[in-house]
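Under the working numbering, think of the first position of the sequence shown as 1, with each following residue one higher. Don't be surprised by glycine CBs; every beta carbon is placed ideally from N, CA and C.
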Amino acid sequence: MKAKAKQNALKGLNMTKCKYCWKKADEARMTIDHKHPKIKGGQDKLKNLQCLCNDCNVEKGSHSEGELKVLWRWFLSMQKSRIKRGKNPMFKKEIREIMGLYEERINLLDKQK
Ligand SMILES: [Zn+2]
Numbered sequence: 001m002k003a004k005a006k007q008n009a010l011k012g013l014n015m016t017k018c019k020y021c022w023k024k025a026d027e028a029r030m031t032i033d034h035k036h037p038k039i040k041g042g043q044d045k046l047k048n049l050q051c052l053c054n055d056c057n058v059e060k061g062s063h064s065e066g067e068l069k070v071l072w073r074w075f076l077s078m079q080k081s082r083i084k085r086g087k088n089p090m091f092k093k094e095i096r097e098i099m100g101l102y103e104e105r106i107n108l109l110d111k112q113k
């Protein structure tokens with residue numbers, strides 16, 4: 001992003017916490033993400049920008065939010081079958097916690113629409 005566009009984005013964006021995982025700016029490095037990726041024609045306009053921590057931004061990569069939801073839903077269905085097969089209760093608990101996080105993320109994206 002060009003320096004001027006970045007400055008404008010920083011003024012208009014809430015850069016205090018990550019939109020996906022809610023980590024705060026003092027816990028993680030914050031980045032500006034293009035909801036619709038630049039590589040797919042997304043623009044530097046404020047409504048296409050959001051604050052994500054570096055980890056979430058790397059995970060999102062060049063996916064649009066629609067693609068991300070599809071990926072996360074696929075991930076959740078994989079975890080459900082892992083729980084069905086699994087016998088270790090600790091393992092199941094861990095997987096359920098991870099699933100809860102992804103379900104929250106999907107809900108969050110649904111609410112934005
Ligand atoms: Zn994050």
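Assumed close pair residue i, residue j - CB separation to whole angstroms, cut-off 8 angstroms
i    : j   : result
K92  : G86 : 5 angstroms
I32  : L49 : 6 angstroms
R105 : Y20 : 6 angstroms
Distance between residue j and residue i (C-alpha atoms, nearest Å)
i   : j   : result
R82 : L10 : 41 angstroms
K80 : G12 : 40 angstroms
Residues passing the C-beta test against ligand 1 heavy atoms, cut-off 6 angstroms: In chain order, the hits are C18, Y20, C21, K23, L52, C53, D55, C56.
The stretch 50-60 in contact with the stretch 20-28 per 3-pair CB rule at 8 angstroms: The stretch 50-60 makes contact with the stretch 20-28; the number of CB pairs closer than 8 angstroms reaches 3 or more.
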